[in-house]
Amino acid sequence: IQSNALAIDNAAGTETMAAFTEDGSVQLRFNNSTKFETTSTGVQVDGGLTVSSDYPTINLFDTNNNDFRIQNRNGVLSFVDVDNSDVVRFAIDSSNAKNSMAGTLAVGTLELADNAKAKFGTGDDLQIYHDGTNSYLQNLTNNFRIESDALRLRSYTGGENFIVANVNGSVELYYDAVKQCETVSTG
Numbered sequence: 240i241q242s243n244a245l246a247i248d249n250a251a252g253t254e255t256m257a258a259f260t261e262d263g264s265v266q267l268r269f270n271n272s273t274k275f276e277t278t279s280t281g282v283q284v285d286g287g288l289t290v291s292s293d294y295p296t297i298n299l300f301d302t303n304n305n306d307f308r309i310q311n312r313n314g315v316l317s318f319v320d321v322d323n324s325d326v327v328r329f330a331i332d333s334s335n336a337k338n339s340m341a342g343t344l345a346v347g348t349l350e351l352a353d354n355a356k357a358k359f360g361t362g363d364d365l366q367i368y369h370d371g372t373n374s375y376l377q378n379l380t381n382n383f384r385i386e387s388d389a390l391r392l393r394s395y396t397g398g399e400n401f402i403v404a405n406v407n408g409s410v411e412l413y414y415d416a417v418k419q420c421e422t423v424s425t426g
């Protein structure tokens with residue numbers, strides 16, 4: 240068959256099931272509605288796309304070798320960085336509703352709704368959250384350690400110190416931005 244345009248219609252001629260246009264699109268239709276269409280930039284899918292196999296996979300390769308793979312293996316949906324030794328960058332495990340992420344959060348900001356918790360550790364040992372009124376940093380096991388050579392506990396504007404601690408130096412306590420107490424080398 241040679242043609243600049245070709246349509247495959249139903250037997251009654253009332254619906255187009257597929258349409259092919261030279262230097263243009265290819266359309267596949269369901270009930271005379273385009274569901275799959277090639278475009279100058281790729282493919283347009285209208286509706287759902289089902290990938291079915293033992294280990295369904297979608298490969299996303301770009302021309303700059305920034306390639307990723309989305310896969311579902313044994314109930315774990317993973318986003319895999321193909322260019323970095325198949326490192327799993329994000330995974331959702333349907334068996335225990337735990338999510339994991341590796342690498343750097345590239346968007347710059349992680350926003351969580353009120354009462355949504357950022358949990359760290361296998362047993363969710365460290366939790367950070369905001370309940371709409373108050374903010375919480377909870378350590379549920381052993382010691383909570385803050386390690387630094389200089390520690391400042393300040394007002395949210397940064398205008399007032401509450402506590403200032405310096406390695407090999409003083410610890411200072413403040414009231415209304417005025418130092419009230421300070422440790423020195425002699426006591």
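Numbering-wise, our numbering comes out as the position in the sequence shown, counting from 1, plus 239. Don't be surprised by glycine CBs; every beta carbon is placed ideally from N, CA and C.
Contact annotation: Asp306 and Leu299 have beta-carbon atoms nearer than 8 Å.
Going by DSSP, Gln283 is part of the beta strand (DSSP E) stretching over Gly281 to Val284.
Around the beta carbon of Val319, a 10 Å sphere encloses 16 or more other beta carbons of the protein chains shown; the residue is thus reported as buried. Restricting attention to Ser279, Gly263 and Gly286, the CA atom closest to the CA of Thr273 is found in Gly286. Within the DSSP bridge table, the entry for Ile385 names no partner. A direct Cα-Cα distance of roughly 12 Å separates Gly371 from Lys356. Within the DSSP secondary-structure output, Asp293 pairs in no beta bridge. In this structure Asp388 is in contact with Val406, their Cβ atoms being roughly 4 Å apart against a cut-off of 8 Å. Gly314 is positioned such that its CB atom lies closer than 8 Å to that of Asp332. If you draw a straight line from the Cα of Thr253 to the Cα of Ile247, it comes to about 11 Å. For Ala258, the enclosing beta strand (DSSP E) stretches over residues Thr255 to Thr260.
The residue among Val423, Arg393, Gly408 and Asp322 with its C-alpha nearest the C-alpha of Val417 is Arg393. When beta bridges are read from the DSSP output, Arg268 appears opposite Thr273. Assignment of Ala416 by DSSP, reduced to helix, strand and coil, places it in the coil class. Look at Leu288 here: in three-state DSSP terms it is coil, with no helix or strand label. By the CB criterion at 8 Å, Glu261 and Ala250 fall outside the cutoff. With contacts defined as CB atoms closer than 8 Å, Asn378 and Asp363 fail to qualify as a contacting pair. Within the DSSP secondary-structure output, Glu411 pairs in a beta bridge with Val403 and Glu421. No residue range can be given for Asp363, since it is assigned to no beta strand (DSSP E) and is classified by DSSP as neither H nor E.
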